[in-house]
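So the structure is just underneath, and the comments pick up after that.
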Amino acid sequence: MIVVGAGPGGLACAIAAADAGGTVLLLEKAPDVGGALPYSGGHLSAGGFSLQHERGISDDPERHFDDVWRISRGAARADLTRLTLREQPAVLEWLLAAGLTVDPGTPRIVYGHEPYRTPRTVHATTVPGGPAILAVLRPMLDAHLAAGRIDLRCEVRVTELLTEGGAVVGVATADGAR
Ligand SMILES: Cc1cc2nc3c(=O)[nH]c(=O)nc-3n(C[C@H](O)[C@H](O)[C@H](O)COP(=O)(O)OP(=O)(O)OC[C@H]3O[C@@H](n4cnc5c(N)ncnc54)[C@H](O)[C@@H]3O)c2cc1C
């Protein structure tokens, strides 16, 4: 399997594939992994996860979707948004189980942007919180690198997806490799 980009999306994808027994070629154009994560506020929101349950907060992905739809004024793509929000509780539980520690005052409503109606956002105690998430992902990546399940190549820019019959079967990179 080839994963293009080692931001939080690509890292999670590569780690999950390797956890499931796959072998992954992870291509990243930057000198290091993380994408925008080092600069991110690290706010993570989900509808219906354990920290909400512990605080008696009633929530679910559909209510999360209703809030996103209201805040985006219907500009979000409904199918992708629903898919993402349905997976969000599991993603958050995965990060918590892997050692992400969050501010004890969370989940809370964040007022830095038009707010959700329900406390469903957690973040690390550090500011910005993105590096705390990267600090959780990196050891998982390192374990797979050491075991040879992920082959990480940095400073490799993918220029083209190679397809056969409509399916992606490979990539081309800026240095001419395929
Ligand atoms: C200042 C700031 C604050 C933010 N705060 C939050 C927050 O609090 N909560 C939140 O949920 N989100 C936040 N975000 C958004 C969040 O960081 C992004 O949604 C997230 O990083 C997206 O992850 P990604 O893996 O899809 O993309 P990215 O993080 O952009 O990673 C993409 C990776 O792919 C690599 N890449 C791109 N093209 C190629 C190519 N052709 N070949 C090889 N590699 C390639 C890039 O170098 C990069 O490493 C914030 C973003 C910023 C900038």
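All residue numbers for the sequence shown refer to my numbering, where the first residue is 62 and numbers rise by one. Cβ coordinates follow ideal geometry from the N, Cα and C atoms, glycine included. Note that this is a predicted model, so its numbers are computed, not measured.
Taken in chain order, the complete alpha helix (DSSP H) segments of 4 residues or longer contained in the stretch 128 to 182 are 139 to 158. Not one heavy atom of ligand 1 is found less than 7 Å from the C-beta of H174. In terms of side-chain proximity, the C-beta atom of A233 is found no nearer than 7 Å to any non-hydrogen atom of ligand 1.
In this structure, V65 has its beta carbon less than 7 Å from a heavy atom of ligand 1. Annotation for R239 indicates a beta carbon at 7 Å or more from all heavy atoms of ligand 1.
Not one heavy atom of ligand 1 sits closer than 7 Å to the Cβ of P99. Under DSSP, V229 shares a beta bridge with T224. Spanning the alpha carbons of L153 and A228 requires a straight line of approximately 31 Å.
D212 is positioned such that its CB atom lies no closer than 8 Å to that of L112.
Between G102 and V188, the alpha-carbon positions lie close to 7 Å from each other. Pairing G191 with L72 gives a Cβ-Cβ distance that is not under 8 Å.
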